[in-house]
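Numbered by the working numbering, the letters in the sequence shown go through residues 2 to 122 in order. Reading through the structure tokens given below for one structure.
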Amino acid sequence: MSAADGQAGKHSATMRRLDRFAWLLDSAIRLPGGFRIGLDGIIGLVPGLGDLAAAGLSSYIILEAARMKLPARVLARMGLNVLLELVIGIIPIFGDLFDFAFKANRRNVRLMTDYLRHKNG
2 MSAADGQAGK
12 HSATMRRLDR
22 FAWLLDSAIR
32 LPGGFRIGLD
42 GIIGLVPGLG
52 DLAAAGLSSY
62 IILEAARMKL
72 PARVLARMGL
82 NVLLELVIGI
92 IPIFGDLFDF
102 AFKANRRNVR
112 LMTDYLRHKN
122 G
């Protein structure tokens, strides 16, 4: 096995773990009507520090992307997704609804996956 194959295998395992983590944060709980929410939105309901705590959890995905040496443009886009969810999430009621619907963590894992697929042809 070449070094590139080993790196691809490592990225594959990391991506599976991050996909599961994003699912837990954004989609783990099924509501009537088929809508899904996750722990990120529930944590964000806590007044004051909830949105900051949720953003901290979301930052873990960005940290892993940086460890995988994804380019700055991808990391910046991921950071903007988390920042948008944080800033709008602070707004009472509307922000909570936005938080449940936007799913920044799923978006960020998708950005990572798209980049890695394109990079690896």
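In this text, a Cβ means the ideal position worked out from N, Cα and C, and glycines have one as well.
query = Cβ atoms of D115 and G42: under 7 Å apart, would you say?
reply = no
ask   = In this structure, what does DSSP give as the bridge partners for I30?
value = I38
query = How about G45 and G39: do their beta carbons lie closer than 7 Å?
reply = no
query = With respect to the alpha helix (DSSP H) encompassing G51, which residues constitute its N-terminal and C-terminal limits?
reply = 51-68
query = Going straight from the alpha carbon of R118 to that of P33, what length do you get?
reply = 35 Å
ask   = Any idea what DSSP makes of N109, helix, strand or coil?
value = helix
Status (buried if at least 16 other CB within 10 Å, exposed otherwise) for R18 = exposed
task = Determine the direct distance from the alpha carbon of N106 to that of H12, and round the result to whole angstroms.
result = 17 Å
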